[in-house]
Structures are given as C-alpha cells and as structure tokens.
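Peer 1: Supplied in structure tokens, the structure appears directly below.
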Amino acid sequence: MTFLFYLFSALALMGGIGVVVNRNPVSAAFSMVISFLGLAALFIQLDAFLVGILQILVYAGAIMVLFLFIIMLLDVREEEKRRRPLVNIIGAGGVTLGFIALVISVLSRSDVGKATIPALTEVEGPGTSDVHQIGELLFSTYWFPVQIVGVLLLVATVGVVVLSKKELK
Amino acid sequence: METALTLNHFLFVSGVLFAIGLAGVLVRRNLIIIFMCLELMLAAANLTLVAFSRFNVQDGQPNYDGQVLLFFIITVAAAEVAVGLAIIVALFRTKETTDVTKVNSMKY
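Chain order of the listed sequences is A and B. Mind the numbering: the first sequence is residues 1044 to 1212 in our numbering, read in order. Mind the numbering: the second sequence is residues 1051 to 1158 in our numbering, read in order.
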C-alpha cells in the first residue's frame, strides 16, 4: 500500500517534471500522460474508482489527444536552445520553492493532516458502489449544477466552432 | 518500517505537483506547454479533493461531495482545453508563432 503510494506519486511527479523540462512539445505531452496515469492510480488507491477512471478517460484520453492534434496541426518545432534570462529562472525557481516551503510549513503545523486513512465499512449489494452514490448525488443534490455544466459545454462547443472559422464576420 | 499513509502524504504530493505546474507556467515560452502546465495544476488540485473526500468518512463511506465536485472540475477542464486550444490555433493563424514573447501586441 505504502510502496504503491510512493511508486505512483513518483510517477506523477516525474511526469510533471518531464512536462516542464522537455523541449519537444510531443515529449512533454507524453510526460503529461504519464503524470495523469500516476495521478489516476493515486485516486484509485483512495477508493475513488469512478474519478480515477474518469481521469484516465478524459485527461489522458481526450484532452491529451486534443493537445497532440494541435501540436501536429501547428507543426510546433522544438524550442531552440537559447539562454534564458537568469532573472527568469531565478524568479520562477524562487516562487516555486517558496510555494513548496509554504505547503510544508502549513502541513507540518496542522493536526488534520496527521490522520491515517479511516477504514470503510464493506457493504455488499446493489446501490453501494461509488458510481451509484455519485450518480445519485449528481441527480438529486447537484442537479442544478449539472444543468449549468450542460449549458457551459454547449457554450464551449459553439465558441470553439466560431473561433475556428477562418474569417470572423 | 512500514509507516501508515496520512493525509499529509497526499496533500504534499498535490502541493509539489501544483508547484511543478507553476514553475512550468513561469519558465516555458511555448504557449501550448504553458497550457499543459495549467492542466497539471488543475489535476494536482483534484488530488487534494479526492484525499479530503476519502479521509472524511461518514457512516463508513467516503464523503462523495468532494468527488462530485471533481466531476464538475473535469468537465470544466475539458471545456476550457477546447476553447483554449481554439484560441491558440486562431493566434497561430495571425502570428505564425506560439512563442509568448513574440505575442506582445493585441491587434498588430
């Protein structure tokens, strides 16, 4: 259990570093897929099976394929090797390390974070899976947000079609 | 030797992944890669939601509200990627580049 956690979080973090470091956009996209796979495995380790599968299907499947299409459509070259301004690197590194330090200091002070994983009671039978529970919540408590998300998807679809037109009238 | 996993483990991984995405947004010049790093930050925040959902057990079941929120986040992220990439394509048509340093004027 613990070993798997370290394995998959290392996978997720390595993939993330790969996205930042790779000059070739296609390699960056594939590092991103690795990172999302590691993240999905962490979700499944947290007993969130539905969102783990959704993460793989939507992110690694749909979104990354879209990215790869655009990379190939635009024929994006490797970023040429050139010296970046040192100020840039130092600034970004400072902000990032500062953020990590902030996370560590907050986590080390809170008592909430020291909780170990509480056990779940195993229930058998229909209507007890997490898919069923989430579906029931979506169509009872959260029915209004679901409608709004539907409208949002429609707006996004229309917007993409309009944006992709050659000439805007 | 085997230490039990705590909430901190998951929150730390989430925070570091978010920081990596932040570094990418600040350092990279390619618009597409900056966009990918934005997605990485969004996904890192998802891990926090799932972790809190799993650690907040009521009646032996995880708190599914967090996972429902995550469902909405994934949907919005998909819509955002579609629109964002369309904008990048439109930008590439007019400027012939995806380098953010060369996109420094709004119209001309």
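Think of the CB as a built atom: it goes at the ideal place given N, C-alpha and C, for glycine as much as any other residue. All of these numbers come straight from a predicted model, not from anything done at the bench.
Pull up the distance between the alpha-carbon of B:Ala1132 and that of B:Leu1067, whole angstroms please.
Peer 2: Looking at the two C-alpha atoms, the distance is approximately 23 angstroms.
Peer 1: Check each candidate in A:Leu1085, A:Ala1055, A:Asp1090, A:Ala1053 and name the one with the smallest Cα separation from A:Ala1162.
Peer 2: The shortest Cα separation from A:Ala1162 among A:Leu1085, A:Ala1055, A:Asp1090, A:Ala1053 belongs to A:Asp1090.
Peer 1: Just the C-alpha distance for A:Ser1172 and A:Lys1209, rounded to the nearest angstrom, thanks.
Peer 2: C-alpha separation (whole angstroms): 48 angstroms.
Peer 1: What does a CB cutoff of less than 6 angstroms around A:Ala1083 pick up in its chain, not counting 5 residues either side in sequence?
Peer 2: Within the same chain, A:Ala1083 has close Cβ partners Gly1095, Gln1098, Ile1099.
Peer 1: Please go through the same chain and pick out, in chain order, the residues whose beta-carbon is closer than 6 angstroms to the beta-carbon of A:Val1189, but skip the five residues on each side of it.
Peer 2: Contacts found: Leu1181.
Peer 1: Taking Cβ-Cβ distances shorter than 8 angstroms, what residues in chain A pair up with B:Leu1088?
Peer 2: Within 8 angstroms Cβ-Cβ: nothing; B:Leu1088 doesn't reach chain A, min ~11 angstroms.
Peer 1: By the criterion of Cβ-Cβ separation under 7 angstroms, what are the contact partners of B:Thr1056 in chain A?
Peer 2: The answer, in chain order, is Gly1156, Lys1157, Ala1158, Thr1159.
Peer 1: Give a yes or no on contact between the region 1082 to 1090 of chain B and the region 1111 to 1126 of chain B, applying the rule of three or more CB pairs nearer than 8 angstroms.
Peer 2: At 8 angstroms Cβ cutoff, the stretches do not touch.
Peer 1: Kindly list the residues whose CB is nearer than 7 angstroms to the CB of A:Met1107, restricted to its own chain and excluding five residues on each side of it in sequence; keep chain order.
Peer 2: Excluding sequence neighbours, A:Met1107 sits near Ala1072, Met1075, Val1076.
Peer 1: Could you pull out every residue in the same chain whose Cβ sits closer than 6 angstroms to the Cβ of B:Met1051, ignoring the five residues on either side in sequence?
Peer 2: Because B:Met1051 sits at a pLDDT of 39, beneath the cut-off of 50, its placement in the model cannot be relied upon, and the following sentence gives the value as read from the coordinates. Nothing meets the Cβ criterion.
Peer 1: Short of 6 angstroms in beta carbon distance, which residues of its chain neighbour A:Leu1111, apart from the five on each side in sequence? Order them along the chain.
Peer 2: These residues qualify, in order along the chain: Ala1072.
Peer 1: So, is A:Ile1113 buried or exposed, given that buried needs 16 or more other C-beta atoms within 10 angstroms?
Peer 2: Classification of A:Ile1113: buried, given that the 10 Å Cβ count is 16 or more.
Peer 1: Step through the CB atoms of chain B and report whether any lies within less than 7 angstroms of the CB of A:Leu1047.
Peer 2: Not closer than 7 angstroms to any Cβ of chain B, the Cβ of A:Leu1047 fails to qualify, so no.
Peer 1: What does the Cβ neighbour count give for B:Thr1148, buried or exposed, with the cut at 16 atoms within 10 Å?
Peer 2: Buried: at least 16 other Cβ atoms inside 10 Å.
Peer 1: Using the beta-carbon of each residue, which ones in chain A are nearer than 8 angstroms to B:Val1063?
Peer 2: Here the neighbours are Ser1052, Ala1055, Leu1056, Leu1085.
Peer 1: Looking at the secondary structure, which residues open and close the alpha helix (DSSP H) in which B:Asp1149 lies?
Peer 2: From DSSP, B:Asp1149 is part of no alpha helix (DSSP H); its letter is neither H nor E.
Peer 1: When the cut-off is 7 angstroms and only beta carbons count, does A:Ile1096 lie next to chain B?
Peer 2: A:Ile1096 does not count as touching chain B.
Peer 1: Just the C-alpha distance for A:Gly1141 and B:Ala1069, rounded to the nearest angstrom, thanks.
Peer 2: Spanning the two alpha carbons is a distance of roughly 9 angstroms.
Peer 1: Check whether chain B comes within 7 angstroms of A:Asp1090, counting only Cβ atoms and requiring the distance to be less than that.
Peer 2: Yes, A:Asp1090 counts as interfacial toward chain B.
Peer 1: Which one or two residues does DSSP pair with A:Thr1159 in a beta bridge?
Peer 2: DSSP output for A:Thr1159 lists B:Thr1056 as bridge partner(s).
Peer 1: Say whether chain A places a C-beta atom closer than 7 angstroms to the C-beta of B:Gln1108.
Peer 2: False, the Cβ-Cβ gap to chain A never drops below 7 angstroms.
Peer 1: Below 8 angstroms on the Cβ atoms is my contact criterion, and I expect A:Leu1056 with B:Val1063 to pass it. Report the Cβ-Cβ distance as a whole number of Å.
Peer 2: Their Cβ separation, rounded to whole angstroms, is 7 angstroms, which keeps A:Leu1056 and B:Val1063 in contact under 8 angstroms.
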